[in-house]
Structure formats: structure tokens, C-alpha cells
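All remarks here apply to the structure that follows.
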Amino acid sequence: MSDTVIEVDHLTKKFGKFTAVDHVSFDVKRGEIFGFLGANGAGKSTTIRMLCGLLASTEGTARVGGFDINKEPEKVKENIGYMSQKFSLYEDLTVEENINFYGRVYGLSNHLLKERKEWALEIANLRGRERSITGTLPGGWKQRLALGCAVLHRPKTVFLDEPTSGVDPVMRRKFWELINDLSAEGVTVLVTTHFLEEAEYCNDIILINAGKIIAGGSPKELKSNYIKTPILEVQCANVIDAMSLIEKQPWALETSVFGTHLHVSVENEEAARGHIQQLSMQNGLDVTHVEKIIPSLEDVFIYLLDQEAKKN
Amino acid sequence: MFQQLLPIIKKEFRHIRRDKRVLAILTFVPAGLLILNGYALNYDVNHIKLGVYDQEKSERSREFVNSFLTSGYFDYAESLTSSAQATTMIDDAKIRAALVIPPDFSNKILSNEPVDVQILVDGMDANAATTIIGYAQVVTLEYSQKIVLNELAKMGRGNYIPIQYDARIWYNPELKSAKFLVPGLIGFILAITAIIATSLSIVKEKELNTMEQIDVSPIRPINLIIGKMVPYALISLVAATLVLVAGYFLFGVVIKGNYFYLFCATLLFIIAGLSIGLLVSTIADTQQVAFQLAALLSMLPTIILSGFMFPIRSMPWWLQILTNISPAKFYLVILRSIVLKGVGLSAFWDQIVYLMIFISVVLLISVRRFKKTIG
Ligand SMILES: Nc1ncnc2c1ncn2[C@@H]1O[C@H](COP(=O)(O)OP(=O)(O)OP(=O)(O)O)[C@@H](O)[C@H]1O
Ligand SMILES: [Mg+2]
Numbered sequence: 319m320s321d322t323v324i325e326v327d328h329l330t331k332k333f334g335k336f337t338a339v340d341h342v343s344f345d346v347k348r349g350e351i352f353g354f355l356g357a358n359g360a361g362k363s364t365t366i367r368m369l370c371g372l373l374a375s376t377e378g379t380a381r382v383g384g385f386d387i388n389k390e391p392e393k394v395k396e397n398i399g400y401m402s403q404k405f406s407l408y409e410d411l412t413v414e415e416n417i418n419f420y421g422r423v424y425g426l427s428n429h430l431l432k433e434r435k436e437w438a439l440e441i442a443n444l445r446g447r448e449r450s451i452t453g454t455l456p457g458g459w460k461q462r463l464a465l466g467c468a469v470l471h472r473p474k475t476v477f478l479d480e481p482t483s484g485v486d487p488v489m490r491r492k493f494w495e496l497i498n499d500l501s502a503e504g505v506t507v508l509v510t511t512h513f514l515e516e517a518e519y520c521n522d523i524i525l526i527n528a529g530k531i532i533a534g535g536s537p538k539e540l541k542s543n544y545i546k547t548p549i550l551e552v553q554c555a556n557v558i559d560a561m562s563l564i565e566k567q568p569w570a571l572e573t574s575v576f577g578t579h580l581h582v583s584v585e586n587e588e589a590a591r592g593h594i595q596q597l598s599m600q601n602g603l604d605v606t607h608v609e610k611i612i613p614s615l616e617d618v619f620i621y622l623l624d625q626e627a628k629k630n
Numbered sequence: 013m014f015q016q017l018l019p020i021i022k023k024e025f026r027h028i029r030r031d032k033r034v035l036a037i038l039t040f041v042p043a044g045l046l047i048l049n050g051y052a053l054n055y056d057v058n059h060i061k062l063g064v065y066d067q068e069k070s071e072r073s074r075e076f077v078n079s080f081l082t083s084g085y086f087d088y089a090e091s092l093t094s095s096a097q098a099t100t101m102i103d104d105a106k107i108r109a110a111l112v113i114p115p116d117f118s119n120k121i122l123s124n125e126p127v128d129v130q131i132l133v134d135g136m137d138a139n140a141a142t143t144i145i146g147y148a149q150v151v152t153l154e155y156s157q158k159i160v161l162n163e164l165a166k167m168g169r170g171n172y173i174p175i176q177y178d179a180r181i182w183y184n185p186e187l188k189s190a191k192f193l194v195p196g197l198i199g200f201i202l203a204i205t206a207i208i209a210t211s212l213s214i215v216k217e218k219e220l221n222t223m224e225q226i227d228v229s230p231i232r233p234i235n236l237i238i239g240k241m242v243p244y245a246l247i248s249l250v251a252a253t254l255v256l257v258a259g260y261f262l263f264g265v266v267i268k269g270n271y272f273y274l275f276c277a278t279l280l281f282i283i284a285g286l287s288i289g290l291l292v293s294t295i296a297d298t299q300q301v302a303f304q305l306a307a308l309l310s311m312l313p314t315i316i317l318s319g320f321m322f323p324i325r326s327m328p329w330w331l332q333i334l335t336n337i338s339p340a341k342f343y344l345v346i347l348r349s350i351v352l353k354g355v356g357l358s359a360f361w362d363q364i365v366y367l368m369i370f371i372s373v374v375l376l377i378s379v380r381r382f383k384k385t386i387g
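Written out as C-alpha cells, the structure reads:
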């Protein structure tokens, strides 16, 4: 058996004339955490729903666990776990009732169900809340329960569609620990996220924009492949004014705002430092700090999306 | 395959228990509908308080008044002293009707002249007023007939009545409308619970996105459909039983026929309702739309097209054809046959066949549509 669990081949989905997913191709290996990134409406959920056998593709195909998503969607469904972007457990049932229901539906025996329930409650950290009505739980707790239910039957492949949206940062870290544990057990995880820092946890990433893949690789590869020039982080009083000034300089290749500071990619670090000091003095920009930084994925994606925008 | 069924049924019962609205539709609505409609649509008027202004006070006039009281419809309430008193007492709702007997009542009868007796009726409830007038007419006619018969007897031509009429059917001395109504109401109530509850329970899953999780699980659509139908079928059966029990205690409706046939026919009708509910759920995407569509599809055909309120035979031909979209039409024939007439299978087997055809057609369409949207 090959090590490739998910093979996607020119997968395309059209809603009427609108192309939501446009000839997307990628492979995912066993035990990998595969990140799926893109802005709102990029086509992440649509791709995942096709891979889960929920939606037929318009063109192209994909195999999940060796089964064709269009020809054998039922086989695909048997072997995967899916956590949808919108909470999809029963809010009017208790935590335990939800787990029992899905356990039974997946055909778990009494003994196995009991064991898996304990395990799901453990990983979801919901012990003691078995009898709580699901709808009354805070968002992060619900998400953990949803993950617990999605992996109750120990699927080999798990699709998580924005599992951490609406979850606070501390809980988010815990969530990723869970995902890491799954992957360590050999489960293949395909996950979408809005949070770029979360993408760093992934073994492989693809960036999707307007239905098309615009970049892919491991976080390290992406950084070294696309960011070849040094990046300076500039701290100053008025970032917006500074940005509009620096943007126009020929030595500044790429400029973007990161909260209270700017990231400027330049050709030559030393020369650029001089230029920035000069600009600061001439225009009263009040630059307090300039530092060369290791590029983050965010830098990469901003760069890539800028390139895309320039193309169109 | 059936291992999936039980958890779905269990889960569905839990939803029903926790959803106040569905619980209300399934429990209070049937009971409320029966009592409300049973009484509102019950044209029978009983124990009418009768005031009597007897200006003659003769033996004959008392006999005439007595024929009112022994008819069973009228209760003696007041002896009146003037016509004006009659109207004020009606206005004050102390009495519902007043009988005014002229002072020359006996004399005129003896001299073979027609007598005018007056009956004043509270017209507040027009239907009841009509009924009261009808009763008064029957009593008066019967009394006149008695006089005529006596006269004929004296002339040696006893007991000949040229035309026998049976006013009792028209004026419903046996409370027949209530008996006639209860089967219709059972059909109505079952249609509402089955169609609305099933469609809402499925569409709710679409609206809240829980259907997506079901869809990605190995649950087979047919199991989901059966799992959704079984709880509502059981509840509808209980509702039907309750209505029959209530019909017995409130309106004295006794089931004359075979209980087993009744059960089977009712189950068939419920399945027909559930199939329509399923069809609605494949059309509607929100609970609001589903509710409106289901309410429309359950109430209109059951009230208008089933023969519940309007006799089908008196409809224009195209409407008569249209009545076949209402499964209640077939069910009502069966129900009336079993409950009211107590006749056997031979009297209604054709209706069972129609009902089965109806179910097959609707189920075929809706299961196809359901499979297309889910799974
Ligand atoms: N059933 C549908 N009919 C028509 N258009 C749709 C449908 N589903 C999705 N779309 C459109 O396809 C595009 C991609 O949607 P998708 O949900 O895949 O995006 P996404 O990347 O998951 O976005 P988000 O981050 O907001 O979840 C969007 O523009 C959306 O409006
Ligand atoms: Mg999405």
C-alpha cells in the first residue's frame, strides 16, 4: 500500500457559473498534518466537503484512503472523521447522548463504546460534564466535543474545517496538541484554519486563493522558497504614514503592516537601515527600532497574495 | 443494518421530549382541537331553557307545553306573565326561548280554526336559533298531528297518516353530528401531527447543520427515514387512541367495528401523513417554510377535500378529482365504516387499496428526493 492517503487530481467545483474550487491538485501522506489556508470564500470548505463525499465534484477527482470520492462516497465516509465548520452536533442532547448516538451509529459494541466514550471525554476534557446539555457549553468546549465525536470510530483520516474558530488562544494550543497526538498515532489530518500561526504546526501546507492553489510545501520550504530577501521590522509612532512613505521608495520591495509595526522586505539590509533612518529624520516618523527578523508564514502569505493581486 | 435504527429512534424521542414546541403540537393540539371543534361544530342543542307564557292555562294548553318538555330538548325555566317579560328574559339570557300560547288556544282548536302559537328564540347564536326553531316545529307538528289523528279517529278513519316524515334525522335527535365529526377530527389531527412533526424534525437538522454530520456518517438514508418516522407514528397512534377515548366520553362515540382493521387503517393513514412530511422536508430548507407548507398540506386537504366538512358528491367534477390528493378522503370512509357503521372489510377494502397507492406514490417521490439531498 502506498503512503499517500489523499490524492487530489484537478478537483473542481462550480456553483452555476461561479468556480469555487478551480483545478486543485495535491497529495497527503499517512500521518501528516496537512494545512489548508486561505481567506474567506477561498474554497477551503468546498474542497473538504468534496473530499468527505458530501459534495460531488464538477470536474477532476480525488481518492481518499484509496476510494474515489465520486464513485464510492459511502466507502470514503466509512473511513474518515469530519468536523464541519459550523457546529453540527445536537445542541439539545447532552454530551454523553451525542457521544452515544454517534458511537452506536458507527456500530460500536457496548464494550467498545464505553471505552471510546471515556477516551473522547478525556481528550475533550469534558469529564464531569457528561450530563450537560451540549448547547449550554462554551464554544471551545463544543469544538472539543465535536472533535471527540469525529474521531470516536478511530478513522484513519480526519478532516477538520476550522476547528479552532471561536476558540480562545489557550484552548487553541490544547486543540493543536490533540491534533498532534492523533497524527502521532498515524492518523492523517487535513485541517483548515484562518490563523497563520497555527499553520506552523502543519507538516505541509497549501495556500488557496479564489479556488486556486497559489503555493504549497512545508512551512520551512515556503519561507525559504518565497522569501529570499531580508525582512526588516520597523517600529514607529505612526505606522500608516510610515507605510505610505516607505512603500514609494525604490529600495523597499514589499511593505506591510503588522499591528504596531511594519515589515519591509529589502534588497540590502545595511543600505535599507540607512535609508530608513534618513526618512525618519526628514519626515519625523519617529522610528524607534529596526530589526532584521526571521520571516513568518504570514510574511510569506502576504507576499504571495500581493503577487496574486498584482497579476490580476 | 437495523443497528442504526435504534439509536436514531432513541435520539428522536429525546428531541421530542426537549422541544417544547413539538411536544405541544403532538399533545395539546390534538386534545384542544377535539374539544374545541367537537363543541364548536356540534350543532346539537339540548336543555334549552324555555319560558312559557300560557295565556289560557287550560288542560289542553298544559298538554301542549308538556309535549315540549317531554321532547327532551326543552327544560321548563319560567312561567311568564307578559310578552315583554319574555323578551327581557331572553335579553338577560335567563331563558333561550319563550313559548307564547294565546288565550283562545283550546277554543280555536275545538272550532277547527288554526291557532297561532308564538315561539321567541334567542338569535345570538344563529345556528342554535335555527336548531331551536326546528325543534319547536317538530314538537308543534307532532302535537297537531296528534289532534288531526284524534279527529280522524272520531270520524272512523283511524291511524291513517298520508305522508310520514322523519324530521328527527334532520334535527339530529341522536347527536349524530358529533359522531360524524369524531372520525373526521381523528383524520385531521393525525394529518397535522404526522405531516408537521416529521417535516419539522428533518428540516431542523438541515437548518442546524446536524444533517451534515449524519450525512458523513455511515447512516443509510432509509434508516434515517424509518428512524424519523417510527417515533411520530407511535405518537400519532397514541393521539388517535386518545381522540377515540375522548370521543367516547365527550360525545358518546362507540366503535362499532373491528379494532384490528381500525388499527391497520389508522397506521396506513399515519404512514401516508409521514410520507407527505418527508416530501415537505425535501422541499423546504428552513423550519419556517416547512411549517407553513406542512400546515397547508395537512389542513387544507383534510378539511376541504376529505369530505370531513363538505360532502364530496356535491362538489364540481374537477374538485372531486382533486380530492384524491387527500389521503384523509380514503381514511374517513374507512373510519366511518368501522366506527359508525361497524361494517366489515368488504365495505372499505377499495379505500385501503387507494390509500396504499397514495402512499407508494408519495413515498417513491420523497425517498428519491431525500436520497438526492442527503447521502
Ligand atoms: N452551495 C453553494 N452554492 C453557491 N455558492 C457556494 C455554495 N457553497 C459555497 N459557495 C461559494 O463558494 C465559495 C467558497 O466557499 P467555501 O465555503 O468553500 O469557502 P471557505 O474557504 O471555506 O471560506 P471560509 O473561510 O469563510 O469558511 C464562496 O464564495 C461561497 O459563497
Ligand atoms: Mg469554510
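Residue numbers (my numbering), protein chains in the order written: chain A, 319 to 630; chain B, 13 to 387.
Think of the CB as a built atom: it goes at the ideal place given N, C-alpha and C, for glycine as much as any other residue.
Any chain A beta carbon closer than 8 Å to residue i
i         : result
Asp10(B)  : Residue 10(B) falls outside the range modelled here, since chain B spans only 13 to 387, and no answer is possible.
Ser31(B)  : First, the amino acid is wrong: residue 31(B) is Asp here, not Ser. Yes - at least one Cβ of chain A is within 8 Å of the one on Asp31(B).
Thr335(B) : no
Gln15(B)  : yes
Glu24(B)  : no
Pro230(B) : yes
Glu224(B) : yes
Rounded straight-line distance, which links the Cα of residue j to that of residue i
i         : j         : result
Ser123(B) : Gly356(B) : 57 Å
Glu587(A) : Gln567(A) : 14 Å
Arg348(A) : Leu478(A) : 16 Å
Trp182(B) : Met321(B) : With a pLDDT of only 38 at Trp182(B), under 50, the local geometry of the prediction cannot be trusted, and the value read off the model is given with reservation. So the two alpha carbons sit approximately 16 Å from each other.
Gly425(A) : Arg29(B)  : 25 Å
Arg380(B) : Gln625(A) : 48 Å
Phe344(A) : Gly361(A) : 15 Å
Ala277(B) : Leu411(A) : 35 Å
Ile451(A) : His27(B)  : 12 Å
Leu525(A) : Asn428(A) : 43 Å
Pro313(B) : Glu219(B) : 27 Å
Leu48(B)  : Val41(B)  : 10 Å
Phe352(A) : Asn521(A) : 6 Å
Ile207(B) : Val351(B) : 24 Å
Val605(A) : Arg490(A) : 34 Å
Thr385(B) : Val301(B) : 17 Å
Ser614(A) : Cys554(A) : 20 Å
Gly602(A) : His593(A) : 14 Å
Below-8 Å beta-carbon distance, residue i vs any chain B residue
i         : result
Asp499(A) : no
Cys370(A) : yes
Phe513(A) : no
Phe354(A) : no
Lys395(A) : yes
Ser375(A) : no
Glu572(A) : no
Lys404(A) : yes
Leu470(A) : no
Val326(A) : no
Leu444(A) : no
Asp479(A) : no
Phe333(A) : no
Glu448(A) : no
Val323(A) : no
Phe419(A) : yes
Asp410(A) : yes
Whole-angstrom C-beta distance between residue j and residue i, which should lie under 8 Å
i         : j         : result
Gly135(B) : Met101(B) : Not a contact, Cβ separation roughly 14 Å.
Leu286(B) : Ala245(B) : 6 Å
Ile112(B) : Val127(B) : Before going further, note that residue 112(B) is Val rather than Ile in the sequence given. Contact doesn't hold; Cβ gap of about 11 Å is too wide.
Tyr519(A) : Val618(A) : That pair is no contact at about 15 Å.
Ser318(B) : Ala284(B) : About 12 Å separates the two Cβ atoms, so there is no contact after all.
Closer than 7 Å: residue i CB and nearest ligand 4 heavy atom
i         : result
Ala517(A) : Ligand 4 is absent from the structure shown, which contains only ligand 1 and ligand 2.
Uninterrupted beta strand (DSSP E) stretches inside the stretch 334 to 367 of chain A (no shorter than 3 residues): 336 to 347, 351 to 355
Heavy atoms of ligand 2 versus C-beta positions, residues under 7 Å: Lys362(A), Ser363(A), Gln403(A), Asp479(A), Glu480(A), Thr510(A)
Note down, one range per segment and in chain order, each alpha helix (DSSP H) of at least 4 residues found wholly within the stretch 93 to 118 of chain B. Taking only runs of at least 4 residues, the alpha helix (DSSP H) segments lying wholly in the stretch 93 to 118 of chain B are 95 to 103.
List, from N- to C-terminal side, the beta strand (DSSP E) runs of 3 residues or more that fit wholly inside the stretch 359 to 425 of chain A. 377 to 382, 398 to 401
Pick out the complete alpha helix (DSSP H) segments inside the stretch 259 to 320 of chain B, 4 residues or longer, and give them in chain order. Secondary structure remark: continuous alpha helix (DSSP H) runs of at least 4 residues inside the stretch 259 to 320 of chain B, in chain order: 271 to 295, 299 to 312.
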